[in-house]
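Engineer: Quick one: the structure is below, and I'll ask about it shortly.
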Amino acid sequence: DAKTTQPTSMDCAEGRAANLPCNHSTISGNEYVYWYRQIHSQGPQYIIHGLKNNETNEMASLIITEDRKSSTLILPHATLRDTAVYYCIVISKAAGNKLTFGGGTRVLVKP
Amino acid sequence: SAVISQKPSRDICQRGTSLTIQCQVDSQVTMMFWYRQQPGQSLTLIATANQGSEATYESGFVIDKFPISRPNLTFSTLTVSNMSPEDSSIYLCSVDSGTNYGYTFGSGTRLTVV
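In the order they appear, the protein sequences are chains A and B.
Going by the numbering used here, the first residue of the first sequence is number 75, and it counts up by one from there.
Going by the numbering used here, the first residue of the second sequence is number 37, and it counts up by one from there.
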């Protein structure tokens, strides 16, 4: 699976949009971009995933560049409860594929 | 998506003893995954557990230290054997919940070895 690079940490103001970047320059054609987050003392939580097109769900939006070498997770209106470590993971959807976690981005939402 | 019940949620154990962690899923799944998260670190995959066959361990993890059982398609256990303080971590199980939900994780077992 392709390696991802994320900033170590970032701060965000409550109520504002949080834009979390992820580089995955070695991504291959059959690999998806998945985002998870881990709130303190909990198991990781699935947020969103995509292949080529931009995706949106009730939690977030995922913007994938046309060359697929990078993506941005957007939390449209960050709340204090969005404070967490966010992980960007690239993985193919073949059966039995295992998630490999990098360091993630530690997001602190401030009042 | 699948719902996972993981037990115990936390434990404090004496060095040299063993702890077995249970993971119960509310639906049948082919593969279950066990992770370790050391303090302040990201998650590291320990092994993949298939029903009816031996688990597949990642580099740095061995069956004698982390034996895994997978008796059916909804249940798995991970044992941390002959524990030392370095085994103090959060242990999590995970399953693939299918196309629209990604992988689901249990709430984790926080292990402290004294």
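Here a beta-carbon is modelled for each residue, glycine too, at the ideal position from N, C-alpha and C.
List the residues that DSSP assigns as beta-bridge partners of residue 107 of chain A.
Structural biologist: A/124, A/164
Engineer: Where DSSP assigns a beta bridge to residue 94 of chain B, which residues make up the other side?
Structural biologist: Answer is none; residue 94 of chain B lacks a bridge partner.
Engineer: Bridge partners of residue 24 of chain B, per DSSP?
Structural biologist: It is not possible to answer for residue 24 of chain B, since the shown part of chain B is limited to 37 through 150.
Engineer: Going by C-alpha distance, which of B/42, B/90, B/54, B/38 is nearest residue 120 of chain B?
Structural biologist: B/54
Engineer: Within the chosen definition, does the segment 138-153 of chain A reach the segment 91-106 of chain B through at least 3 CB pairs nearer than 8 Å?
Structural biologist: no
Engineer: Taking the beta strand (DSSP E) that residue 84 of chain A falls in, what are its first and last residues?
Structural biologist: 83-87
Engineer: Please confirm if residue 115 of chain A has its CB atom under 9 Å from at least one CB of chain D.
Structural biologist: In the structure shown, chain D cannot be found, because the protein chains are A and B.
Engineer: For a test of the three-state rule: what should DSSP assign to residue 90 of chain A, helix, strand or coil?
Structural biologist: Annotated three-state conformation of residue 90 of chain A is coil, per DSSP.
Engineer: Say yes only if the C-beta of residue 145 of chain A is nearer than 8 Å to one or more non-hydrogen atoms of the ligand FAD, and no if none qualify.
Structural biologist: Looking at this structure, you won't find the ligand FAD or any other ligand, since it has none at all.
Engineer: What in chain A is Cβ-close to residue 143 of chain B, meaning under 9 Å?
Structural biologist: Per Cβ cutoff of 9 Å: 115, 116, 117.
Engineer: What are the partner residues of residue 38 of chain B, as DSSP defines its beta bridges?
Structural biologist: Bridge partners of residue 38 of chain B: none, in fact.
Engineer: To the nearest angstrom, report how far apart residue 105 of chain A and residue 142 of chain A are at their CA atoms.
Structural biologist: Residue 105 of chain A and residue 142 of chain A have their C-alpha atoms spaced approximately 10 Å apart.
Engineer: Return the residues of the segment 167-182 of chain A that lie within a Cβ-Cβ distance of less than 9 Å from chain B, sorted by chain order.
Structural biologist: 167, 169, 170, 171, 172, 173, 174, 175, 176, 177, 178
Engineer: Using a Cβ cut-off of 9 Å (strictly closer), state whether residue 97 of chain B contacts chain A.
Structural biologist: no
Engineer: Does any residue of chain B have a CB that is nearer than 9 Å to the CB of residue 123 of chain A?
Structural biologist: yes
Engineer: Do residue 46 of chain B and residue 150 of chain B have their CB atoms nearer than 9 Å?
Structural biologist: In this structure, residue 150 of chain B does not lie closer than 9 Å to residue 46 of chain B by Cβ.
Engineer: Name the chain B residues that come within less than 9 Å of residue 120 of chain A, Cβ to Cβ?
Structural biologist: 37, 133, 137, 138, 139, 140, 141
Engineer: Could you tell me which chain B residues have their CB closer than 7 Å to the CB of residue 160 of chain A, listed as they occur along the chain?
Structural biologist: What residue 160 of chain A touches in chain B: nothing, since even the nearest Cβ is about 12 Å away.
Engineer: Tell me, please, whether the segment 109-124 of chain B touches the segment 160-172 of chain A by the rule of three or more beta-carbon pairs shorter than 8 Å.
Structural biologist: no
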